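Numbering (our numbering), first residue to last: 68 to 875.
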RNA sequence: GGGCGAGUGGCGGAAUCGGUAGACGCGCUAGACUCAAAAUCUGGUUCUCGCAAGGGAGUGAGGGUUCAAGUCCCUCCUCGCCCACCA
């Protein structure tokens, strides 16, 4: 008997797939398309890790499943190559980032092939390839033309170690997402994409996305829409006024003070008399502190009185103006009205500094909270008394608008996307600075702006990238007037490169334009996007760009991803995160080499648990999967070697087969791979019990063929080997997915459970078409059941095909 | 503080619509094969009482709805993740 030897059959089939270009696809409108992709990897020097193995096993199982359904399946691969790791390695070793990147790509590609992932390699893309970033730059110029890319001097997060600015999304708890150092604020002129213009559009579509709720919630919170009003409080002295933002204009009669953020432009000027010195020193200290330090001490609030007063526009009362660092400069107007009766923060502040607390919303009798922040009936609010919050809000805002004292206003927490980086290894921003014409986008026929080769990649820390040292490159001419001009030396955030790659896959080698809409509108949007990272940043940016492309008429859909498949992490055996320093890293390629093979690895990572949960690697678990694959192998070998003179009656084997097909197909549709594999294991266990004798040759062949077809998305190499052995045509992936016949899933005899008062007391076997009354009678006649049923039962319920429930 | 999840054997987990809790795998265990071991095959494995048939308990805790609750409702506990002074 031939032994199962993955080391022999896996390379064999990988070579066949490659030679036959089995996974290369083209637009074919006669077929249903399925487009599935993982989030493309950053090809690090360390090679593939278990997370990659997990992600792409999911991708490939989906791809192969739909291929077997006759769909035209696009499963592409690309490389997210710009970024700090390659550049830092280049600085350390003096090797060009492009060279290191090319080596890493070659390694990753080899590893993907050894995993047996069914990728269309003819569509391979690489974000640091000029043929690709030409079009990233082109998108930039299009955004510039539409006013969606602009330059602005502003306070920005700055990482002192990586010597670059960072986007909000790249600051995690006050630290740089890459190197972990404490970030600083620095005022610099930077490039932004105006994602805020799409805040509402992005928000509106979230509800309809087939994405995990936690990702949708994270994006909603990140956009952070607040509907409210801006309200002017006139200064008592002079003509000025302070504009505050509030979501609760209905509580304005309770506004007993004003608080300015320390950064507020009026704060210093309002400091008066005895309060001047204290205010100035408070502001100086507060501005120096990082936002992290300020937001960290949430318990104790601090602040100073400026000595100035403003007038509450509705009550006419004078209210003191304070400066406090619990108000943020960057949100709303940087000023708030303090309503201590109905806001916890204002209450804490008022209590500490003995400011008046005026209740203006009636607290329900049952409520014993100190601060009532819900809506309710207005009191102490003049002519608005007795109104409900929502009515009062409309009327008060209307009154403010009529009197020029305020206006309805919606704010967002989301800020514009800061995209310039003072680093070498990125796509150069395609802008030329001309004395006469200012910032001029590089015309399409002069793209790409190719990243020049330089000697020293390290940033100098002067706020410019190392590109500034490439003087020949920097000095150019203005596309408008031809006079000498200077190139922009900042590069784009890597997230820009990854914001459109899912479109490029559909038309990867187009040299004339970024993509042909006809191709993209066929393949896109993605049917499945698989990953376990990027809840907000990347997944919001791709959505943003796709919305823009839609508005530009370049694509006919707004949302890039139909279904987001968000999976968990694979941890080390001890349940902690895998890390080199702890020495608990499992290398998927080692697992293959140990003799388990890629098929066992792929099947195992999908069997560990539901894909959305984290799981811990178990070296005994993969041995169990290897045993399972071995049992399939042996089953086919035993069949091949048997005498094939079977007689008999095939019903039992058919029922098991058709039930399994139904279960595995259902489980696949809901991406429940662990239970699909469990069902296949049960199927194999059943087939072992049947033994080869006693059934017809045809029944066995059917049963084994279905088995091989169903295991193919998990263990494709073995499936093709056994498929060939069973005499199948071509490759399994081009064969059909087995179908089930509902009639054949029903056994002739069914087992019905019998409960008495909810407790299981026995089972009865009946023919599948038995009359319900007869089943009930049989249940009551059951020996053990009869022991518990004394006298006439109150009720007898029959649940078809399942149980009889007797109530006494 | 807010939001979203989750608590089931020794372990990972299953139970898709309220219908026999613990599928499947790991581990453990008994047997077959073997001179022996490994591999492989077959059986057992929630706890508990019982030789067995069978009984009792049981899905974080407590209550409720129902013929029937892991699943629905209420109160509470614990853990995880994300956001976190956003007015």
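Note that the Cβ used here is the ideal one computed from N, Cα and C, for glycine as well.
Quick caveat: nothing in here was measured; it's all calculated off a predicted structure.
Which same chain residues, not among the five before or five after residue i, have their C-beta less than 8 Å away from its C-beta?
i: residue 590; result: 94, 100, 102, 141, 572 and 573
i: residue 877; result: Because residue 877 is not part of the residues shown, which for the chain are 68 to 875, the question remains open.
Under 8 Å by Cβ, that's how I've got residue i and residue j pegged, so tell me the actual separation to the nearest angstrom.
i: residue 644; j: residue 594; result: Incorrect: roughly 31 Å between the Cβ atoms, too far for contact.
i: residue 656; j: residue 178; result: 6 Å
i: residue 416; j: residue 368; result: 5 Å
i: residue 445; j: residue 495; result: Rounded, the Cβ-Cβ distance is 58 Å, inconsistent with contact.
i: residue 613; j: residue 782; result: Actually they do not touch by this definition, with Cβ atoms about 36 Å apart.
i: residue 675; j: residue 588; result: In fact, because the Cβ distance is near 38 Å, the residues do not count as touching under 8 Å.
i: residue 207; j: residue 497; result: 6 Å
i: residue 604; j: residue 663; result: With a Cβ gap of about 36 Å, residue 604 and residue 663 do not count as contacting.
i: residue 203; j: residue 548; result: That belief does not hold up - the Cβ atoms of residue 203 and residue 548 are roughly 26 Å apart, past 8 Å.
Determine the direct distance from the alpha carbon of residue j to that of residue i, and round the result to whole angstroms.
i: residue 171; j: residue 157; result: 13 Å
i: residue 364; j: residue 242; result: Note that residue 364 has pLDDT 48, beneath the 50 cutoff, so the model's placement of it is unreliable and the number below is only indicative. Each residue's alpha carbon lies about 17 Å from the other.
i: residue 736; j: residue 133; result: 10 Å
i: residue 70; j: residue 701; result: 8 Å
i: residue 636; j: residue 164; result: 29 Å
i: residue 632; j: residue 661; result: 30 Å
i: residue 493; j: residue 734; result: 42 Å
i: residue 115; j: residue 648; result: 17 Å
i: residue 620; j: residue 583; result: 12 Å
i: residue 722; j: residue 731; result: 14 Å
i: residue 267; j: residue 602; result: 19 Å
i: residue 542; j: residue 502; result: 13 Å
i: residue 117; j: residue 264; result: 39 Å
i: residue 225; j: residue 154; result: 18 Å
i: residue 121; j: residue 811; result: 35 Å
i: residue 834; j: residue 817; result: 6 Å
i: residue 399; j: residue 693; result: 59 Å
i: residue 429; j: residue 130; result: 59 Å
i: residue 405; j: residue 277; result: 41 Å
i: residue 344; j: residue 380; result: 29 Å
According to the Cβ coordinates, are residue i and residue j closer than 8 Å?
i: residue 851; j: residue 828; result: yes
i: residue 560; j: residue 482; result: no
i: residue 218; j: residue 232; result: no
i: residue 511; j: residue 205; result: yes
i: residue 215; j: residue 610; result: no
i: residue 569; j: residue 627; result: yes
i: residue 831; j: residue 823; result: no
i: residue 546; j: residue 516; result: no
i: residue 321; j: residue 409; result: yes
i: residue 245; j: residue 335; result: no
i: residue 689; j: residue 181; result: no
Just list the residues that DSSP pairs residue i with in beta bridges.
i: residue 562; result: Residue 562 is not bridged to any residue.
i: residue 107; result: Answer by DSSP bridge pairing: none, since residue 107 is not bridged.
i: residue 752; result: Its beta-bridge partners do not exist; DSSP assigns none.
i: residue 255; result: 221
i: residue 523; result: Answer by DSSP bridge pairing: none, since residue 523 is not bridged.
i: residue 864; result: 872
i: residue 816; result: 834
i: residue 638; result: 683
i: residue 310; result: 299
i: residue 479; result: 292
i: residue 484; result: 260
Under 6 Å Cβ to Cβ from residue i, same chain only, skipping five residues before and after it: list those, please.
i: residue 864; result: 872
i: residue 407; result: 413, 414, 417 and 424
i: residue 391; result: 326 and 370
i: residue 98; result: 139
i: residue 727; result: 746 and 750
i: residue 220; result: 256
i: residue 480; result: 291
i: residue 862; result: 874
i: residue 136; result: 804
Can you find the residues in the same chain that come closer than 7 Å, C-beta to C-beta, to residue i, ignoring five residues on each side of it along the sequence?
i: residue 687; result: none
i: residue 119; result: 108
i: residue 720; result: 757, 762, 766 and 770
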